[in-house]
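In my numbering, the protein residues as written are 195 to 729.
The block underneath contains the structure these notes are about, expressed in structure tokens.
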């Protein structure tokens, strides 16, 4: 009987040794799925042997060590497949066996780092230092420790700086941003559904939030014609990535579930902002439902963002591609024709900043389309988006557009009258109508095409002298009304390059630049970005 048990033990050990060798080889060859399967088989056999050998402490200890290492290796393979939830479970099981197991702590720390749980990752790396094995990997471990400390600080303060990368011409990798949520909350919106609101005053250029995509899909150059088949393939790949992420992580699934599918928006719950913080404790069931394909497609139809949009800038190598992605918290930002926020895309991260000063309690908004357009064109664009804009600017202009004077200016531009003449008639009309300063900015933004031509460096409005206001005051009023815009910034920069501006004009360009790119680009880097480095 004893010999039979011994034979079975030897056979089991031989089988486990073969499995361990096979699994290790698959791991080294980076065949992650096959490695997970092999380690799963090994772990099952190992656990079975542990249950059968309770009277042999030395053998059980040996099995526990093998089990700990196998769980750690399976966690590594699962993390490479982005199955982070299961990988973390493996790590936790391994750490129950050996609480300071170096390889497992390193693996768990890297997973938590990928999930933007910086302080938890930092604790893993600190604990890993207690293992004697850490001495041989001190350089790698110290690198992770320093990275964690930087990201944890950024996640608390929003102190993120792209300047060095910008000055180097976007060569190499940018500084990896940390996920960050500033002074904002989600509330019921007067615009539509739910929206993101400032909880304190936010200066132009200040970071509002940084968030990582659930998934992105890129690859189509923007100067190519996007034929229907290419768009369908791209959309299919994107939706599959989102569904894969939702299937692998219940937290991702629940966050996606907070988004609108375009129906019954008034009945949707208003989620707490803490739910979107990566370090927050995930409590399943908000709402705890399985996303079906149709619901995912509806959510993506409503909430996906195109990277190369009117209110965004794509920095780095991705600027050569057409990209689409899902950034959950940013999806709560509604449209307004008086937007106060813009976004940068850096890798898979979306960085939202204030494009003009925002007051506490004010809703944070993007321009979904070109708001430097007349009311009629904006109304047409609203229809293509499937909503009606009732912002302060649209309401004001609807009342004013009943006046024949405005129609005559528009008709004159259609007939080809001089842009300076159109600006002059608009300014004269605003004086007669006793339009307030903010509302002047609205109308100048609506007649941007005429303003840009009248104040172009070639014309410089010389033919109109004092009959139209100086370019500076027009630029300032537009930026104050609808936030910084690249085209307005370009007009100021061109004036500087022609040698027509001084220190004040340089400060105006930098202020507009902060509205377009945010304070993540500092002064000297901003000058480089705007081509003003030598001025």
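Here a beta-carbon is modelled for each residue, glycine too, at the ideal position from N, C-alpha and C.
Element boundaries [alpha helix (DSSP H), containing residue i]
i: residue 680; result: 680 to 691
i: residue 706; result: 697 to 711
i: residue 268; result: 251 to 274
i: residue 446; result: 444 to 451
i: residue 239; result: 226 to 246
i: residue 289; result: 278 to 291
i: residue 667; result: 665 to 676
i: residue 648; result: 642 to 648
Neighbourhood of residue i by C-beta, 8 Å cutoff - its chain only, sequence neighbours within 5 removed
i: residue 510; result: 359, 364, 368, 540, 541
Residue i in three-state terms, based on DSSP
i: residue 206; result: helix
i: residue 310; result: coil
i: residue 379; result: strand
i: residue 539; result: strand
i: residue 411; result: strand
i: residue 214; result: helix
i: residue 557; result: strand
i: residue 629; result: coil
i: residue 715; result: coil
i: residue 497; result: helix
i: residue 528; result: strand
i: residue 315; result: helix
i: residue 546; result: strand
i: residue 759; result: Shown here, the chain extends from 195 to 729; a query on residue 759 therefore has no answer.
Cβ-Cβ distance between residue i and residue j below 7 Å
i: residue 352; j: residue 338; result: no
i: residue 675; j: residue 616; result: no
i: residue 390; j: residue 493; result: no
i: residue 206; j: residue 241; result: no
i: residue 658; j: residue 566; result: no
i: residue 284; j: residue 268; result: yes
i: residue 590; j: residue 633; result: yes
i: residue 583; j: residue 532; result: no
i: residue 401; j: residue 547; result: yes
i: residue 554; j: residue 398; result: no
i: residue 179; j: residue 696; result: Only positions 195 to 729 of the chain appear in this structure, which leaves residue 179 out of reach.
Residue i, enclosing beta strand (DSSP E) - first and last residue
i: residue 405; result: 401 to 406
i: residue 392; result: 388 to 392
i: residue 516; result: 516 to 520
i: residue 756; result: Because residue 756 is not part of the residues shown, which for the chain are 195 to 729, the question remains open.
Contact set for residue i: own chain, Cβ-Cβ below 6 Å, skip 5 residues either direction
i: residue 312; result: 342, 345, 346, 349
i: residue 470; result: 523
i: residue 613; result: 644, 647, 648
i: residue 536; result: 505, 549
i: residue 635; result: 671, 672, 674, 675
i: residue 704; result: 720
i: residue 497; result: 453, 525
i: residue 262; result: 288, 291, 292, 295
i: residue 379; result: 391, 393, 467
i: residue 661; result: 618
Spatial neighbours of residue i in its chain, beta-carbon cut-off 7 Å, leaving aside the 5 residues before and after
i: residue 443; result: 278, 279
i: residue 236; result: 210, 213, 214, 217, 264
i: residue 306; result: 314, 315, 318
i: residue 321; result: 294, 299
Contact between the region 221 to 240 and the region 274 to 286: three or more CB pairs below 8 Å? yes
Is the region 558 to 570 close to the region 684 to 698, with three or more CB pairs under 8 Å? no
If you pair each beta-carbon of the region 518 to 525 with each one of the region 489 to 505, do three or more pairs fall below 8 Å? yes
Tell me whether the region 293 to 312 and the region 448 to 463 touch, counting them as touching only if at least three CB pairs, one residue from each stretch, are closer than 8 Å. no
Does the structure place the region 399 to 410 close enough to the region 421 to 436 that three or more beta carbon pairs sit under 8 Å? yes
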